Amino acid sequence: MMTTFGAFMRKASLTVLVAATAGLASGCMSDGGSDVDVLALAAQTERPEVLYNQGLANLEGGNLGEASAKFKAIDRQHPYTDWARKALVMGAFTSYRSGAYEEAINSSKRYLSLYPGTEDAAYAQYIMGLSYWRQIPDITRDQTAAGRTAQAMRGVIDNYPDSEYVPDAQTKLRIARDQLAGKELQVGRYYQERNEYVAAINRFKNVVDVYPETRQVEEALARLTETYLAMGLVREAQASASVLGQNYPDSQWYQDSYALLLGRG
25 MMTTFGAFMR
35 KASLTVLVAA
45 TAGLASGCMS
55 DGGSDVDVLA
65 LAAQTERPEV
75 LYNQGLANLE
85 GGNLGEASAK
95 FKAIDRQHPY
105 TDWARKALVM
115 GAFTSYRSGA
125 YEEAINSSKR
135 YLSLYPGTED
145 AAYAQYIMGL
155 SYWRQIPDIT
165 RDQTAAGRTA
175 QAMRGVIDNY
185 PDSEYVPDAQ
195 TKLRIARDQL
205 AGKELQVGRY
215 YQERNEYVAA
225 INRFKNVVDV
235 YPETRQVEEA
245 LARLTETYLA
255 MGLVREAQAS
265 ASVLGQNYPD
275 SQWYQDSYAL
285 LLGRG
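This is how it looks when you write it as structure tokens:
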């Protein structure tokens, strides 16, 4: 992740260098032969490339609050310019770095709404996913952030398949889905312990059907076997144990399920 961020920062710095070089000759402006006081104009509005350069310098120096202020100043003083576009995505990253995840998400969404086809759209989508990712709590709590992480990272993979952010997005998508499956399993166990078998079965089946690639499937199949047996549904229990054995033949969950079925005769 640091590699992709570093590459993006180098690209951003290069953009500033080119723009600053191009602007060296503009010390004063002329309008019909009369000079315009550049200093007076600068007192009212700073050049966007200067603000952007200051924002990057503060960002690289760890002065995140000041960096954010510079990027926001570009949006305020130079709206609807390409500098405003660049500042918006860098502002989103700055918010992410400072832990202001909701602000980072909102800035990323705004960028994608205004500039969906631009070169930094993949980065904005990725920042949004990372901001959700950082808010995923432990498995006992609500997993809305995990679901939104999965959705945002899927957006990186599907909409920007050639992006450098895809490998990390794939990793985080897999982990987020495993977290969602774990939550389903945890709720299923809750119902199973209270003999609310139908509700438990629905949760365990969700793990198997909706999250088949996750590591939670193994336990979910074993729990289905247990719950079906508790309800007297032997055939369904045997079917779940059979799938478990075919896919996880060396699993302790399978060994326990097989022993449970043998015990029922």
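Just so we're aligned: the sequence shown equals residues 25 to 289 in the numbering used here. In this text, a Cβ means the ideal position worked out from N, Cα and C, and glycines have one as well. All values derive from a computational prediction rather than experimental measurement.
**Message:** Taking a contact to mean a Cβ-Cβ separation below 7 Å, would you say threonine 238 touches arginine 201 in this structure?
**Reply:** Closer than 7 Å, so yes.
**Message:** To test your reading of the DSSP string, which unbroken alpha helix (DSSP H) runs of 4 or more residues are found completely within the region 192-231?
**Reply:** Runs found: none.
**Message:** One question on the structure: do valine 232 and valine 222 come within less than 7 Å of each other, judged by their Cβ atoms?
**Reply:** The Cβ atoms of valine 232 and valine 222 lie no closer than 7 Å to each other.
**Prompt:** CA-CA distance, leucine 253 and alanine 261?
**Reply:** A direct Cα-Cα distance of roughly 6 Å separates leucine 253 from alanine 261.
**Message:** If I measure Cβ to Cβ from glutamate 90 and keep anything under 7 Å in the same chain, skipping five residues before and after, which residues do I get?
**Reply:** Cβ within range, chain order: Asn82.
**Where glycine 57 sits in the DSSP three-state scheme** = The predicted model places glycine 57 with a pLDDT of 48, which falls under 50 and marks its position as unreliable; any figure quoted below should be read in that light. Coil at glycine 57, not helix or strand.
**Asked** How should aspartate 192 be labelled, buried or exposed, when 16 other C-beta atoms within 10 angstroms of its C-beta is the threshold for buried?
**Response** With at least 16 other beta carbons inside 10 angstroms of its own, aspartate 192 counts as buried.
**Message:** Tell me which residues share the same chain as tyrosine 125 and place their Cβ nearer than 8 Å to its Cβ, disregarding the 5 neighbours each side in the sequence.
**Reply:** The answer, listed in chain order, is Ser119, Ser155, Tyr156, Arg158 and Gln159.
**Prompt:** Going by Cα to Cα distance, which pick from Ala246, Glu250, Leu284 and Gly287 is closest to glutamine 270?
**Reply:** When each option's Cα is compared against that of glutamine 270, the closest is Ala246.
**Closest Cα partner of tyrosine 235 within the set Gly206, Arg213 and Met255** = When only C-alpha atoms are compared, the closest one is Gly206.
**Asked** Comparing alpha-carbon positions, which option in Thr69, Lys133 and Asp166 lies nearest isoleucine 151?
**Response** Nearest to isoleucine 151 by C-alpha distance, out of Thr69, Lys133 and Asp166, is Lys133.
**Asked** So, helix, strand or coil for asparagine 87, using DSSP?
**Response** Coil.
**DSSP-derived helix/strand/coil call for leucine 257** = In this structure, leucine 257 counts as coil in the three-state DSSP scheme.
**Asked** For alanine 128, is the classification buried or exposed, using 16 other Cβ atoms within 10 angstroms of its Cβ as the cut-off for buried?
**Response** Taking every protein chain shown into account, the CB of alanine 128 has 16 or more other CB atoms within 10 angstroms, so this residue is buried.
**Asked** Does DSSP put proline 161 in a helix, a strand or coil?
**Response** Coil, per DSSP.
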